[in-house]
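Taking it in order: structure first as structure tokens, then the write-up.
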Amino acid sequence: MKQPQPLVLDSIFYSVPALKILSGAYLEIHPGKISALIGLNGSGKSTLLKIAAGQIKASSGITKMNGERFYSKSLKKRFRSIGYLPQESMLPGDVKVTNLTDCFPPENSVRNDSFFKKLMNQKVKTLSGGERRFLEISLLFSLNRDYFLLDEPFSGVEPYIIERIIDRIRTETQRKRGVLLTDHMHRYVSDVADDGYLLHNRQCYKLGNDVAGELKKIGYLR
Amino acid sequence: MVRYLAKKYYVNSLVFFVGFIIFPYLTFGDLPYLFPRAVFLGSLAGSVYTWYDFRNRNLWPLFDNLRHSKFLLLGLMFLSLQLIPQIVNPFL
Numbered sequence: 621m622k623q624p625q626p627l628v629l630d631s632i633f634y635s636v637p638a639l640k641i642l643s644g645a646y647l648e649i650h651p652g653k654i655s656a657l658i659g660l661n662g663s664g665k666s667t668l669l670k671i672a673a674g675q676i677k678a679s680s681g682i683t684k685m686n687g688e689r690f691y692s693k694s695l696k697k698r699f700r701s702i703g704y705l706p707q708e709s710m711l712p713g714d715v716k717v718t719n720l721t722d723c724f725p726p727e728n729s730v731r732n733d734s735f736f737k738k739l740m741n742q743k744v745k746t747l748s749g750g751e752r753r754f755l756e757i758s759l760l761f762s763l764n765r766d767y768f769l770l771d772e773p774f775s776g777v778e779p780y781i782i783e784r785i786i787d788r789i790r791t792e793t794q795r796k797r798g799v800l801l802t803d804h805m806h807r808y809v810s811d812v813a814d815d816g817y818l819l820h821n822r823q824c825y826k827l828g829n830d831v832a833g834e835l836k837k838i839g840y841l842r
Numbered sequence: 271m272v273r274y275l276a277k278k279y280y281v282n283s284l285v286f287f288v289g290f291i292i293f294p295y296l297t298f299g300d301l302p303y304l305f306p307r308a309v310f311l312g313s314l315a316g317s318v319y320t321w322y323d324f325r326n327r328n329l330w331p332l333f334d335n336l337r338h339s340k341f342l343l344l345g346l347m348f349l350s351l352q353l354i355p356q357i358v359n360p361f362l
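Residue numbers (the working numbering), protein chains in the order written: chain B, 621 to 842; chain Z, 271 to 362.
Rendered as structure tokens:
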């Protein structure tokens, strides 16, 4: 069986008329591993995730998976391999949870999860921020994708649900899926991440396996 | 999700259609001439409005994750509305 190879973002440049956001960013996401992308507000983390997910086009740069290049015009391959959780909710508020789960593969765990059973007949807009975020992540992981990009999955979520999200992410990586997550809640991110990148000065710097230790060493965390 | 998009698109197109037909009808009154044009403009405006509405509500990433092509779906829905004048116009 062919060993899955990392998802590679190489030499990613992105700029808007008045501002350079990324200048040659390089990033690898390995199957079965959780990678963290850490950076200050406005450093370009979400932009990099959007480029990887095919939501926006980079000014230049290469995205590769299994040695095969994803061209920016052909989004089919990208959508087939990558699941993307945007920073803001992507679920329509005026749809019932049960109708939403019907759109996802039938083996999705949302239907059997005791957490969601009581929410099934509610509309998405009536859910709390944490419930909504956990629902999004659970539905996303039910898709058959190799890599998942999670943009701030923990923001505005209570610790109990964060623990459940972390368990879910760990379960998925055991199934040889690669996860890239970015969030400002460094305690949770550094606890869960196998490796990490710091996005600084429009470039990605690789952090070692001890993400929290390295961030303290460079003065990013106290 | 396709059903959700269809519902929103057809409702938006209907609203625009009504807007595009009422004033010209009250002015000119030539319904067989106005009807296909109002359907075309209504469905076009409906497509554009639905596109921006879904973009503002950040719903397109969900369609991308489900691998539903938004261009194809909106295009097919737009074309489906162009059949209405073919069916209705002979009776006007």
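Glycine residues also receive a C-beta, built at the ideal position from the N, C-alpha and C atoms.
**Request:** Would you list, in chain order, the members of the region 771-785 of chain B that have their beta-carbon closer than 7 Å to a beta-carbon of chain Z?
**Result:** none
**Item:** Beta-bridge pairing of His-820 of chain B - partner residues as DSSP gives them
**Value:** B:Gln-823
**Message:** Within 7 Å of any Cβ in chain B, is that where the Cβ of Leu-284 of chain Z sits?
**Reply:** no
**Item:** C-alpha distance - Asp-814 of chain B paired with Phe-736 of chain B, whole-angstrom precision
**Value:** Roughly 29 Å separates the two Cα atoms.
**Asked** So, Ile-649 of chain B versus Tyr-817 of chain B, is the Cβ gap smaller than 7 Å?
**Response** no
**Request:** Classify Arg-337 of chain Z as helix, strand or coil using the three-state DSSP reduction.
**Result:** coil
**Prompt:** Going by C-alpha distance, which of B:Arg-700, B:Lys-684, B:Leu-755 and B:Arg-689 is nearest Pro-712 of chain B?
**Reply:** B:Leu-755
**Backbone CA spacing between Leu-314 of chain Z and Lys-796 of chain B [nearest angstrom]** = A direct Cα-to-Cα measurement between Leu-314 of chain Z and Lys-796 of chain B gives close to 45 Å.
**Residue(s) in a DSSP beta bridge with Asp-771 of chain B** = B:Thr-802
**Request:** With a cut-off of 8 Å on the beta carbons, I'd call Ile-757 of chain B and Ile-785 of chain B a contact; round off their distance for me.
**Result:** 6 Å
**Request:** Figure out for me which residue from B:Lys-826, B:Lys-836, B:Gln-794 and B:Asn-821 has the closest Cα to the Cα of Phe-633 of chain B.
**Result:** B:Asn-821
**Message:** So, for Ser-666 of chain B: in the same chain, excluding its five sequence neighbours on each side, which residues have a beta-carbon less than 6 Å away from its beta-carbon?
**Reply:** Gln-707 and Asp-771
**Prompt:** Since Tyr-646 of chain B is in the beta strand (DSSP E), which residue starts that stretch and which ends it?
**Reply:** 639-649
**Cutoff 7 Å: Lys-337 of chain Z Cβ touching any chain B Cβ** = In the sequence as displayed, the identity of residue 337 of chain Z is Arg instead of Lys. Chain B contact via Cβ: present.
**Prompt:** Would you say Phe-286 of chain Z and Gly-316 of chain Z are within 7 Å of each other, going by their C-beta atoms?
**Reply:** yes
**Selected residue, minimal CA-CA separation from Gly-674 of chain B, among Z:Leu-342, Z:Phe-341, Z:Tyr-322 and Z:Pro-331** = Z:Pro-331
**Request:** With DSSP as the reference, label Gln-625 of chain B as helix, strand or coil.
**Result:** Looking at Gln-625 of chain B - three-state DSSP - the assignment turns out to be coil, as it is neither helix nor strand.
**Asked** Going by other Cβ atoms of all chains shown within 10 Å of its Cβ, with 16 needed for buried, is Leu-296 of chain Z buried or exposed?
**Response** With a threshold of 16 other beta carbon atoms within 10 Å, Leu-296 of chain Z falls short and is exposed.
**Near-chain B residues of the region 307-328 of chain Z - C-beta to any C-beta below 8 Å** = Arg-327 and Asn-328
**Asked** Nearest CA to the CA of Tyr-274 of chain Z: which residue from B:Glu-727, B:Asn-661, B:Ala-678 and B:Asn-719?
**Response** It is B:Asn-719.
**Item:** Any chain B beta carbon closer than 7 Å to Pro-355 of chain Z
**Value:** no
**Message:** Assess contact between the region 823-832 of chain B and the region 277-285 of chain Z, defined as three or more Cβ pairs (one per stretch) separated by less than 8 Å. Is contact present?
**Reply:** no
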